[in-house]
Structures are given as C-alpha cells and as structure tokens.
DNA sequence: TGAAGATATGAGTAAATACTCACTTTCACC
DNA sequence: GGTGAAAGTGAGTATTTACTCATATCTTCA
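Residue numbers (this note's numbering), protein chains in the order written: chain X, 278 to 500; chain B, 278 to 500.
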C-alpha cells in the first residue's frame, strides 16, 4: 500500500556550482521548514527562497520527501557527532559521573538547532521515527547497556537492558520537553542535578525489584 | 461584485437518524485514521466507509480538521476519565503507593485504543500538543504537585514542581514508548516495578541536590 | 395529509502543489 | 573557439482532494 518512495538524489552534483546549488537549496529548505512548518514548505517556495528554479531542485531531489530526508540526515549526523564525542569519556567514569555526562550530552545535543529539531521530531508526518534516527538511538542504547554490564557489580538493577531503556527514555523525555517547550537556562541546571540524582540512586542505591533477573527477558525486549 | 463565501454554521443533529449519521462518520474516521494514517484519510473516503455521502459529512463537520478534532476530543475524554478515577485514590495513599498507582494508571490509559492514540500523538500535524490535551496534562501536573506539597515532610526534593515534572515525563515517556512501540505484557510488569522503585527512591530516599530550594524557582517554570 | 423544515445525496468545482520537459546557459577539455 | 556534457530554467501539466450546491428524500406535527 505504502509504496516506498525514492529518497536518494537522482543526480549527484559534480561541479562546484552544482554543489553550491544543493547547499543553497538545503539551507533554504531548513529555513522554511523552521519558519513555516512542514505544511508551509512547498518545493516552489524552497526554490524561490534559494534563488534557484524548481527544476534545479528536482535535479537533485526526486521529491519533496527526499529533501526533508536530507535535512534529517544532516541533523542526525550533528546529533550523533555530539554524542559520540562524549560516549568514550563516559565509559571511563563511575556510574554517577557517567550519568551526569549522559545528561550533559543530552542537553548539548538539544542545543543543536532546536527549532529544526522540534519541527523534525513533531511536525514531519511519518510512521514512527526515521530509521536512521532509530539506528542512532539503538546504538546509544547498546553502548549504555554494555556499560551497565561492565559495571554490573556496582549496580542494583535486575535487567541492564531495561535499566538502559528507562534511563534513556527518562533523560530524553525530560530534556527534550524542557529544551523544546519551556526552556529557561536556570531550569536546566537543577533539572540536570535532579535527574542525575534520581538515576544514580536508581542504578546503585535502593532495594532491587521483587524478582530480580528471573527469566531471560530477551535482549530484543528493550531496544 | 463581492463573491462572499457562504459560511454555513455547523449543524447540530437533532433527529435520531442525524445523530446516528454523526456516529457512523466518527467511527469510520477513527477506523481509517488508524488504518491509513492521517495522509490516507480523505473526507470522501471517510464518507464512503461510513456509507454516507460527503455532503452529509460536511453538514456536521465544516472541514476535515474539525473531524479529527472531534476524534481527539472523544479520545481525550476517555483518557481523562480513566485518570480521574484513580487520582482521588492516589491522594490518600503514601508516596510509594501513589507512585505505583500513578504508573498503573498510565498503563491503563495507554490501553485505551492504543492504535488511535499513536496516530493522534504522532501523525497529526500540529504545533505542539492540542490545547485540550495540554490542559489535561496541566491538571494532572497540578494535582501531583499539590500532593507532593501536602506530603512535603516525607519528601527529599528541592522543588515539588520540578519533581512533578520529572515524574510525569518519566512515567509518560517510558510507558508510552513501551505500549506504543514495543509492548509485550511481560515487559510491562517489570517496567512498572522498576519505574516505581526509581521514582519512590528519588522522592523519598537519597541525598537532596546541592542547593535545595534556594531561590524561588517559579511555579510557572515546570508546567 | 401535507407543508415545512431537517436530513441526505454525489457529481462537480476550485484550488493547491508536486513535478515535468523542451529549452538555454555554463563548464571542462581539447 | 568548438564541442559535448553538466547544470539551470520556469511556464505549464497532472493530479489530488477539500469542499459545494442544486436537488431529492425523509420527519415532524398542525
């Protein structure tokens, strides 16, 4: 039913001016997406804003979707870069430190073009998150889980996968909501402290759940 | 010559058959929204599925948006009902009990037509959440904050508003994600236990953040 | 019963917009 | 400067789809 549409560019720019054209189109698209939302982003409008003809746009992007896909691709690359810088550092720290750094990184990631981030995460009509972004989240999940497993002796959780899931969802949801919908810089500091305290307590502190690590809960269960 | 656009007010169904027509339209709309997504939901299709003419649809819904709005209205009424049943009970319990019940309620709420819930929360293009839903969330937030304030002596948090925010975001995000994207019934039990443990620990257990309740953090900050 | 209003019909319209293509211009290379 | 390929153009097309309205059919109630 849902015929998957082609997302790859039909033509790759080889000459310098063609590359410049692609850049100018992508930038205009981002600007318009932020300013007018997905609905208000028409290909003609993007071309006009870019100072380029619609034909040129369609030379490199076979359809509107592919243009948005390129915006996502670039944005996610930025997010990933910000995260991958912090991850190795976190792996070396103790639990409290790692949690703190994770939260800091989440904040930092949400500092990157938050307007675009909001539009991409809220306004683009699609079934579930983009596969590329899902892969990114999966990767972070795997890393965190591996870290938990390496530090198992220090932890008080029945399932490292579940713990990774809860921690990621908690941090992401709290930070995202704060940054996207109601940021003031002051909030952020205390939010980070509290999240950090809650998660560290959860991981290392309190009494474990009733039936710890009883059955194989399946690594597939908490992706 | 002023070509004035005729603005027909939406007609309210008075006769029984008219009410039946509205019902049949709303039900078809919900079915199609779930099955084909927002993009695939055309007014003609809804009318056809409902066994009714497009004209009839437009007799009661001035435009497509209003039809979706009605679906949201009904769905949110169900959510609210489920929550408002549990809230008074929770107020009477101790912190651990209240947290448990809150999580249970969140799960219960996400059991109501999860397919529709997913589409409404993910696929409907709009800027931020619907105002009606926002009001609902706000109400839950206020209640939880009030509860925290009443139990202040038992708690270990610097700011009840911030605590309410974190707790709600955490529960909602974890439960939503689990129910909408990767449910198996088994997961749910342990997830609830772990969330419960984490949040209770956070609220009552561990050492408070560095600078507790220093400045007026503003009740407006954590809505 | 029959008139007046309520309800239902669905072919047709208007408008928006993603996308094309015949053509022109620019570039790379000799 | 000539030539072939790459890049660029933008008026126009094709399609989709929300929405209308003249007309027909039901309901109510005097």
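Even glycine gets a Cβ: it sits at the ideal position worked out from N, Cα and C.
In this text, all values refer to a predicted model and were calculated from it rather than measured experimentally.
Whether or not the stretch 332-340 of chain B and the stretch 375-386 of chain B are in contact is what I'm after, with contact meaning three or more pairs of Cβ atoms, one per stretch, closer than 8 Å; do they touch? no
Count the other CB atoms, across all protein chains shown, that sit within 10 Å of the CB of residue 441 of chain X; report buried if there are 16 or more and exposed otherwise. Along the first chain, one-based indexing puts residue 441 of chain X at 164. Residue 441 of chain X comes out buried.
Rounded separation between residue 461 of chain B and residue 470 of chain B - CA only: Here residue 461 of chain B is taken as the residue at index 184 of the second chain, counted from 1. Here residue 470 of chain B is taken as the residue at index 193 of the second chain, counted from 1. Roughly 15 Å between the two C-alpha positions.
Would you decide whether residue 409 of chain X is buried or exposed? Buried here means 16 or more other CB atoms lie within 10 Å of its CB. Translated into positions along the first chain, residue 409 of chain X becomes position 132. So residue 409 of chain X counts as exposed.
In terms of residue numbering, what span does the alpha helix (DSSP H) encompassing residue 367 of chain X cover? Along the first chain, one-based indexing puts residue 367 of chain X at 90. Counting along the chain, the alpha helix (DSSP H) containing residue 367 of chain X begins and ends at 341-369.
Enumerate in chain order the residues of its own chain whose CB-to-CB distance from residue 372 of chain X is below 8 Å, with the five nearest sequence positions on each side excluded. Numbered from its first residue, the first chain carries residue 372 of chain X at position 95. Same-chain partners within the cutoff: 428, 431, 432, 477, 480, 481.
Answer yes or no: does any C-beta atom of chain B fall closer than 8 Å to that of residue 474 of chain X? Within the first chain, the letter at position 197 stands for residue 474 of chain X. Yes, contact with chain B.
Buried or exposed: which applies to residue 324 of chain X, given that a residue is buried once 16 or more other Cβ atoms fall within 10 Å of its Cβ? The residue labelled residue 324 of chain X in the question sits at position 47 within the first chain. The residue in question, residue 324 of chain X, is buried, as its Cβ has 16 or more Cβ neighbours within 10 Å.
Considering residue 309 of chain X, what are the terminal residues of the alpha helix (DSSP H) in which it resides? Counting from one through the first chain, the residue named residue 309 of chain X turns up at place 32. That run of the alpha helix (DSSP H) goes 293-313.
With residue 244 of chain X and residue 315 of chain X assumed to form a contact (beta carbons below 8 Å), what rounded beta-carbon distance in angstroms separates them? Residue numbering for chain X in the displayed model covers 278 to 500; residue 244 of chain X lies beyond these limits and cannot be assessed.
Alpha carbon of residue 319 of chain X to alpha carbon of residue 313 of chain X, nearest angstrom: The residue given as residue 319 of chain X occupies position 42 in the first chain. The residue given as residue 313 of chain X occupies position 36 in the first chain. Each residue's Cα considered, the two are about 10 Å apart.
Give me the residue from B:472, B:450, B:327, B:345 with the minimum Cα distance to residue 396 of chain B. Counting from one through the second chain, the residue named residue 396 of chain B turns up at place 119. Measuring from the Cα of residue 396 of chain B, the nearest candidate turns out to be B:345.
For residue 482 of chain X and chain B, any beta-carbon pair shorter than 8 Å? Working through the first chain from its first residue, we reach residue 482 of chain X at position 205. So, interface residue.
Taking the alpha-carbon positions, what's the residue 443 of chain X to residue 472 of chain B distance? Residue 443 of chain X sits at position 166 when you count from the first residue of the first chain. Residue 472 of chain B sits at position 195 when you count from the first residue of the second chain. One C-alpha to the other measures close to 8 Å.
Report the neighbours of residue 454 of chain B on chain X: residues whose CB is nearer than 9 Å to its CB, in chain order. Within the second chain, the letter at position 177 stands for residue 454 of chain B. What residue 454 of chain B touches in chain X: 442, 446, 450.
Pick from B:297, B:293, B:389: whose alpha carbon is nearest that of residue 453 of chain B? The sequence position of residue 453 of chain B within the second chain is 176, counting from 1. For residue 453 of chain B, the nearest C-alpha among the options comes from B:389.
Environment of residue 435 of chain B [buried if 16+ CB atoms lie within 10 Å]: Here residue 435 of chain B is taken as the residue at index 158 of the second chain, counted from 1. Classification of residue 435 of chain B: buried, given that the 10 Å Cβ count is 16 or more.
Neighbourhood of residue 351 of chain X by C-beta distance below 6 Å, restricted to the same chain and skipping five residues each side: Translated into the one-based positions of the first chain, residue 351 of chain X becomes position 74. Cβ within range, chain order: n/a, list empty.
To which residues of the same chain is residue 288 of chain B closer than 7 Å at the C-beta, ignoring the five residues directly before and after it? Your numbering for residue 288 of chain B matches position 11 in the second chain. The residues are 336, 337.
Cβ closer than 7 Å: which chain X residues qualify as neighbours of residue 402 of chain B? Position 125 of the second chain, counted from the first residue, corresponds to residue 402 of chain B. Per Cβ cutoff of 7 Å: 315, 316, 400, 402.
Quick one: what's got a C-beta closer than 7 Å to residue 417 of chain B's C-beta in the same chain, skipping five residues either side? Reading the second chain from its first residue, position 140 is the one you call residue 417 of chain B. 360, 445, listed in sequence order.
Helix, strand or coil, according to DSSP, for residue 454 of chain B in the structure here? For the purposes of this step, residue 454 of chain B is taken as the residue at position 177 of the second chain. If DSSP states are grouped into helix, strand and coil, residue 454 of chain B belongs with the helices.
Where residue 379 of chain B meets chain X, residues with beta-carbon distance less than 7 Å: By 1-based counting over the second chain, the position of residue 379 of chain B is 102. What residue 379 of chain B touches in chain X: nothing, since even the nearest Cβ is about 15 Å away.
For residue 482 of chain X, does the three-state DSSP call read helix, strand or coil? Numbered from 1 along the first chain, position 205 holds the residue referred to as residue 482 of chain X. Residue state, collapsed to three classes: helix.
Identity of the residue in X:392, X:393, X:362, X:391 nearest residue 378 of chain X by Cα: Indexing the first chain from 1 puts residue 378 of chain X at position 101. Nearest option by C-alpha distance: X:362.
Can you give the Cα-Cα distance for residue 393 of chain X and residue 387 of chain B, rounded to whole angstroms? Position 116 of the first chain, counting from 1, holds the residue named residue 393 of chain X. Position 110 of the second chain, counting from 1, holds the residue named residue 387 of chain B. The straight-line gap from Cα to Cα measures roughly 29 Å.
Residue 466 of chain B (DSSP reduced to helix, strand or coil): The sequence position of residue 466 of chain B within the second chain is 189, counting from 1. It is helical.
Pull up the distance between the alpha-carbon of residue 425 of chain X and that of residue 365 of chain X, whole angstroms please. Taking the first residue of the first chain as 1, we reach residue 425 of chain X at position 148. Taking the first residue of the first chain as 1, we reach residue 365 of chain X at position 88. Between residue 425 of chain X and residue 365 of chain X, the C-alpha separation is close to 14 Å.
Span separating the alpha-carbon of residue 354 of chain B from that of residue 347 of chain B: For the purposes of this step, residue 354 of chain B is identified with residue 77 of the second chain, where counting begins at 1. For the purposes of this step, residue 347 of chain B is identified with residue 70 of the second chain, where counting begins at 1. About 11 Å.
Please confirm if residue 435 of chain B has its CB atom under 8 Å from at least one CB of chain X. Walking along the second chain from the start, residue 435 of chain B turns up at place 158. With 8 Å as the cut-off, residue 435 of chain B counts as an interface residue toward chain X.
Identify the contact partners of residue 432 of chain X in chain B, using a Cβ-Cβ distance below 7 Å as the criterion. Along the first chain, one-based indexing puts residue 432 of chain X at 155. Per Cβ cutoff of 7 Å: no residues; residue 432 of chain X is ~12 Å from chain B at best.
Please work out which residues of its chain come closer than 7 Å, Cβ to Cβ, to residue 305 of chain X, disregarding the five sequence neighbours upstream and downstream, and give them in chain order. Here the question's residue 305 of chain X lines up with position 28 in the first chain. Excluding residues within five positions, the ones whose Cβ falls inside 7 Å are 323, 326, 327.
Since residue 421 of chain B contacts residue 439 of chain X with CB under 8 Å, what's their CB separation in whole angstroms? What you label residue 421 of chain B is simply residue 144 of the second chain in a count that begins at 1. What you label residue 439 of chain X is simply residue 162 of the first chain in a count that begins at 1. Rounded, the Cβ-Cβ distance is 24 Å, inconsistent with contact.
Using 8 Å for Cβ pairs, my map puts residue 329 of chain X next to residue 302 of chain X. What's the rounded Cβ distance? Along the first chain, read from residue 1 onward, the residue named residue 329 of chain X stands at position 52. Along the first chain, read from residue 1 onward, the residue named residue 302 of chain X stands at position 25. With 8 Å as the limit, residue 329 of chain X and residue 302 of chain X qualify as a contact, their Cβ atoms being about 6 Å apart.
Spatial neighbours of residue 448 of chain B within its chain, please: C-beta separation below 7 Å, excluding the five flanking residues on both sides. Within the second chain, numbered from 1, the residue matching residue 448 of chain B stands at position 171. Closer than 7 Å at Cβ, skipping near neighbours: 379, 380, 383, 472.
Would residue 294 of chain X be called buried (16 or more neighbouring beta carbons within 10 Å of its own) or exposed? Counting from 1 along the first chain, the entry for residue 294 of chain X is found at position 17. Result: exposed.
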